[in-house]
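Report on the following structure.
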Amino acid sequence: MRKIWGFCLIFLFLLWSGDAKAGELAKRLDSFPVWEKITSTKPAVGDLIYPDWMAGDWQLVSTLIDMVAPLAPDIVTPGFEGNRQYLNQPLRFQVRFVRESTPVADTKSAVVADRAFNGLNLARAYLGDTGVISVKVDPNSPNRQITFLHHERQLISIVSARATETTSDGKFITTEVFQQIFKGGGRPYFNSVESTTAYRKLSTSNPAIEGDQVTAVYLSPQDPDYFKAGSHPVALYRYRLEFFR
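Pasting the structure below:
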């Protein structure tokens, strides 16, 4: 169960939005681990559009570099301590960003994540080839997807809100808020997760991208500690992302 829980957390980032207030997301990352509540977002409409320089196939190295339980010892999420085994342990897998026609673009296609491809590769890198059956994206909405696991378990992930900004030094920063449902092995488990990622393209001579990502976990109303936690996250995970051609 700990391994499934950890996978649920790092699964997030692979999944035209409202813009955040200027610099809000950058300041939020800089303030880690001070993370009081979910940031300002707008309802997720359509897919998340990435910069042109992210198009193509990449080898991604994702490394958990820090983890904090802000409300411990009173409230600690399931699997938090078990996830310490992944600290500073690089996870490698392939990801892809593709061009897709969109009515909000003029004549140029938009760059979006290949969610099914990325999600399946991440799931298998984390759980092993035999632990994952498939990843399916709702054909009517890129913001809804299901990961089918063995033993009739499922992870349902729904992007409900989103914000983006581009900084003066060229970083593309995005926040997505997810609702997650894990089914299998007893009563379904619900939570809300906010994933904030800053991407930066390195020099032209070095075709690579680096990323700084913070995943914040919030309790759902179904949790008995929901009112005790209030608007505060109960777990924070920080990752270093490295994309190579």
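Numbering of the sequence shown is given in full-length UniProt numbering, commencing with residue 1 and proceeding in unit increments.
Every residue, glycine too, gets a C-beta built ideally from N, C-alpha and C.
- Excluding its 5 nearest sequence neighbours in each direction, D129 has no C-beta neighbour in its own chain below 8 Å.
- In the structure shown, D223 adopts coil according to DSSP, grouped into three states.
- Secondary structure of R245 (DSSP, three-state): coil.
- Residue burial annotation: N83 is buried, with at least 16 other C-beta atoms found within 10 angstroms of its C-beta.
- CA-to-CA, the gap between G131 and N118 works out to about 16 Å.
- Around the CB of K27, fewer than 16 other CB atoms lie within 10 Å, so the residue is classed as exposed.
- With a contact defined as Cβ atoms closer than 8 Å, Q94 and D57 qualify at about 7 Å.
- Under the three-pair Cβ rule at 8 Å, the stretch 57-76 does not count as touching the stretch 184-193.
- Taking 3 residues as the shortest admissible run, the stretch 130-181 contains the following complete beta strand (DSSP E) segments, listed from N- to C-terminal end: 132-137, 144-149 and 153-166.
- Per DSSP, L202 lies in no beta strand (DSSP E) and is assigned neither H nor E.
- Looking at the DSSP output, Y218 shares a beta bridge with S192.
- Between the alpha carbons of T175 and T167 lies a distance of about 14 Å.
- Counted as a single uninterrupted DSSP element, the alpha helix (DSSP H) harbouring F117 occupies residues R115 to L127.
- Secondary structure note for E100: its beta strand (DSSP E) is the uninterrupted segment L91 to E100.
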